[in-house]
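Take any residue in the sequence shown, note its place counting from 1, add 155, and you have its number in the numbering used here.
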Amino acid sequence: MELTSPRSTPLRFADVFVHLSACIFASALSVHCTTIEPPADETPDTDAPTITVACLASGTVTRGTTTISLSAFDADGIREILILIDGREVAAQENGTTLDYAWDTTSVADGSHHIELWATDAVGQRTLRALDVVVNNASPWTQPTSVLRGTVYAPNGTDPVSGALVYSTADADVCPEPAGQGGPAPDEPYCVYTYSRFDGSFELEGVPVTCPTAAHVVIHKGPFTNRVDQPVTTQSVLMGRESTTLGLSDVGTLAEMAVITGSWDHIQDTLAKIGLGQVGASGHLELGTEHFELIDGNRTLDGKYQEFLDFIAKPENFDPYRTIFFNCGNDFEGDFFSNATAVAGLRQWVIEGGRLYCTDLSYDFCEQLFPEFVAWEGGTNGLSTTPEPGGAAQVGTSMDSLHATVLDDNMRAWLDGVGVLADDGSIEIEGWLGGWAAMVQVGPNSKAWVEGTPTVQGQSLTVRPLTATFAVGKGAVFVSSYHTSEDATPEMTPQDRLLQYLILEVL
């Protein structure tokens, strides 16, 4: 082929074709050259599909209705998947990657049966997975079970939680005889249940190994509930910390709580320390990080937070919350008790299942509503249904600290486990400001958790309750003569630990 260059010099070239690329080369001349790239190397697909099947394996003994769960994968896609039993097609799926078939084994004779699982990819390549299983509907049969182990933690992921209910849910045909130990049974249908120990550890025995091999496990304590689909085998299985840590997460929920700020106590700081918010270097809650509702009860929060008077304006405002905390030092106590609708609404909220928590000078929010459960200093009505005059019990003498006795065995064991008890088994409670609210005794339907020998009106008293709870209707009330969080510190104090335990145990 003869070409003419821009300089009119005749040249002769050879035609060259390599991999469908053509280029005319002229080393001595300036000519334009265009290269046609070859198509990408297309390697034929020689990989057959892969097949996985849940639960079943050759030699498996099965009965009743057994689910055959097949899944297939191929880079080019799956054209068809099939399930055959004893040579007969029982299920098929086109252009899909999963297939489930509920096999009623009572429709076949006891003995060995051959299962074939087929997958065909987009280019026609096929894979076979064959299983030989044994059907036994006549002879006695024991349901395979697993043991789940783990440790329940508070939302901060480090503090152990004792007495947490751990259980697996199941259909009645899988667990015809539910069983459990350690405390009351779950409210919903269950298979087996147990409770965590003082160090948070648990062992849930008898969890059915079914198909698919995942047990629905529930962990519940106080306002926290975790629901986990936990893979199980016939061996012991350790549940991961991400599944057993309570709080807001992919598996965990938290019942709503409201904290009303006060001038002398900071319950919100303690809640942050156990993982329901972030704690700043000062030891206080970092506002805006809390996983609960903050309500301004002492004119210290900015306008984005609800004010206490707006909160009590309508009784239905209480309804979303499981627990309402009253910090010591509320600026609007008089306004509240002059509002009969608010008083009646809060009382009814407790009766219908709410948890009410009052510390020190805020004790009136509990005592005025339910006077018959605790007798207070400065009053004459004792355990009657007649409230004492407001503020009458605020006669406690200032004390730097007091070594108190923990009355509840489980609480004492847990507090000892987290290292806040003294050598003599007592717990040190600090920050008794003058005028703290003093109790005399608890009624027969109340429980004292902590007691001590405080000083009131300059005189050392005999043993008095310092922390008490009582049930009202479906709800509960907590009263404390001391503050929950006395001095701001990032570390957990003994008083913080007391609240932490009671939030989970009672509130």
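Backbone N, C-alpha and C define an ideal beta-carbon position, used for all residues, glycine too.
Within the continuous alpha helix (DSSP H) that includes residue 569, where are the two ends?
Within the sequence shown, residue 569 is the residue found at index 414, counting from 1. Per DSSP, residue 569 belongs to the alpha helix (DSSP H) from 564-572.
Grab me the residues of residue 182's own chain with a C-beta within less than 6 Å of its C-beta, minus the 5 sequence neighbours each way, in chain order.
If you number the sequence shown from 1, residue 182 lands on position 27. Residue placement at residue 182 is flagged as unreliable, the pLDDT there being 36, under the threshold of 50; the coordinate-derived value follows with that caveat. None.
Helix, strand or coil for residue 549? Go by DSSP, reduced to three states.
What you label residue 549 is simply residue 394 of the sequence shown in a count that begins at 1. It is a strand residue.
If you drop the 5 nearest sequence neighbours on each side, which residues of the same chain put their C-beta closer than 7 Å to that of residue 521?
As a working mapping, residue 521 is identified with position 366 in the sequence shown. For residue 521, where only same-chain residues beyond five positions count, the Cβ hits under 7 Å are 511, 513, 632 and 634.
Measuring CA to CA, which of 294, 581 and 589 is closest to residue 653?
Locating residue 653 in the sequence shown gives position 498, counting from the first residue. With distances taken between Cα atoms, residue 653 lies closest to 581.
Using DSSP with H/G/I as helix, E/B as strand and the rest coil, what is residue 490?
Position 335 of the sequence shown, counted from the first residue, corresponds to residue 490. In the structure shown, residue 490 sits in a helix (DSSP, three-state: H, G or I).
Leaving out the 5 sequence neighbours to the left and right, which residues in its chain are closer than 7 Å to residue 627 when beta-carbon positions are compared?
Stepping through the sequence shown from its first residue, residue 627 is reached at position 472. So the list reads 505, 506 and 525, once near-sequence residues are dropped.
Enumerated in chain order, which unbroken segments of the beta strand (DSSP E) with a length of 3 residues or greater are wholly contained in the stretch 274-319?
Fully enclosed beta strand (DSSP E) runs of 3 or longer: 281-290 and 300-306.
Whose CA, out of 416, 390, 385 and 426, lies closest to the CA of residue 406?
The residue you call residue 406 lines up with position 251 of the sequence shown. Residue 385 is the option with its Cα nearest to residue 406.
If I measure Cβ to Cβ from residue 575 and keep anything under 7 Å in the same chain, skipping five residues before and after, which residues do I get?
For the purposes of this step, residue 575 is identified with residue 420 of the sequence shown, where counting begins at 1. Only 582, 649 and 652 meet the Cβ criterion.
With the cut-off set at 8 Å, would you say residue 272 and residue 233 are in Cβ contact?
As a first step, residue 272 is located in the sequence shown; it is residue number 117 there, counting from the start. As a first step, residue 233 is located in the sequence shown; it is residue number 78 there, counting from the start. The answer is no: Cβ separation not under 8 Å.
Are there 16 or more other CB atoms within 10 angstroms of the CB of residue 156, so buried, or fewer, so exposed?
Locating residue 156 in the sequence shown gives position 1, where the first residue counts as 1. Bear in mind that the predicted position of residue 156 carries a pLDDT of just 43, short of 50, making it unreliable; the figure below should be weighed with that in mind. Looking at its Cβ environment, which holds fewer than 16 other Cβ atoms inside 10 Å, residue 156 is exposed.
Tell me which residue opens and which closes the beta strand (DSSP E) that residue 224 is part of.
Locating residue 224 in the sequence shown gives position 69, where the first residue counts as 1. Unbroken beta strand (DSSP E) run through residue 224: 220-228.
DSSP state of residue 266, grouped into three classes?
As a working note, residue 266 is residue 111 in the sequence shown. Strand.
Taking the alpha-carbon positions, what's the residue 370 to residue 611 distance?
Within the sequence shown, the letter at position 215 stands for residue 370. Within the sequence shown, the letter at position 456 stands for residue 611. Cα to Cα, the separation comes out at about 56 Å.
Can you give me the C-alpha to C-alpha distance between residue 322 and residue 211, rounded to a whole angstrom?
Counted from its first residue, the sequence shown places residue 322 at position 167. Counted from its first residue, the sequence shown places residue 211 at position 56. Between residue 322 and residue 211, the C-alpha separation is close to 25 Å.
Can you tell me the Cα-Cα spacing of residue 420 and residue 567, whole angstroms?
Against the sequence shown, residue 420 aligns to sequence position 265. Against the sequence shown, residue 567 aligns to sequence position 412. Rounded to the nearest angstrom, the two C-alpha atoms are 24 Å apart.
Assign residue 449 to one of three DSSP states: helix, strand, or coil.
Taking the first residue of the sequence shown as position 1, residue 449 is located at position 294. Residue state, collapsed to three classes: strand.
Looking at the strands, I want to know which residues DSSP matches up with residue 271.
Along the sequence shown, read from residue 1 onward, the residue named residue 271 stands at position 116. In DSSP, residue 271 forms a bridge with 239 and 285.
Would residue 591 pass as a contact of residue 515 if the rule is Cβ separation under 8 Å?
As a working note, residue 591 is residue 436 in the sequence shown. As a working note, residue 515 is residue 360 in the sequence shown. Yes; because the gap between Cβ atoms is below 8 Å, this pair is in contact.
So residue 416 and residue 453 are in contact, right, with Cβ under 8 Å, and what is the actual spacing, rounded?
Numbered from 1 along the sequence shown, position 261 holds the residue referred to as residue 416. Numbered from 1 along the sequence shown, position 298 holds the residue referred to as residue 453. That belief holds up - the Cβ atoms of residue 416 and residue 453 are roughly 5 Å apart, short of 8 Å.
What runs of the beta strand (DSSP E), each 3 residues or longer, lie entirely inside the stretch 362-424?
Taking only runs of at least 3 residues, the beta strand (DSSP E) segments lying wholly in the stretch 362-424 are 369-376, 379-386, 391-393, 407-409 and 412-415.
Since I believe residue 413 is in contact with residue 460 (beta carbons under 8 Å), could you give me their beta-carbon distance rounded to a whole number of angstroms?
Counted from its first residue, the sequence shown places residue 460 at position 305. Counted from its first residue, the sequence shown places residue 413 at position 258. That belief does not hold up - the Cβ atoms of residue 460 and residue 413 are roughly 11 Å apart, past 8 Å.
Do the stretch 557-572 and the stretch 526-537 make contact, defined as three or more Cβ pairs closer than 8 Å?
Because the criterion of three Cβ pairs below 8 Å is not met, the stretch 557-572 and the stretch 526-537 do not touch.
Check for me: the beta strand (DSSP E) holding residue 584 runs from which residue to which?
The residue labelled residue 584 in the question sits at position 429 within the sequence shown. Segment 582-587, the beta strand (DSSP E) holding residue 584.
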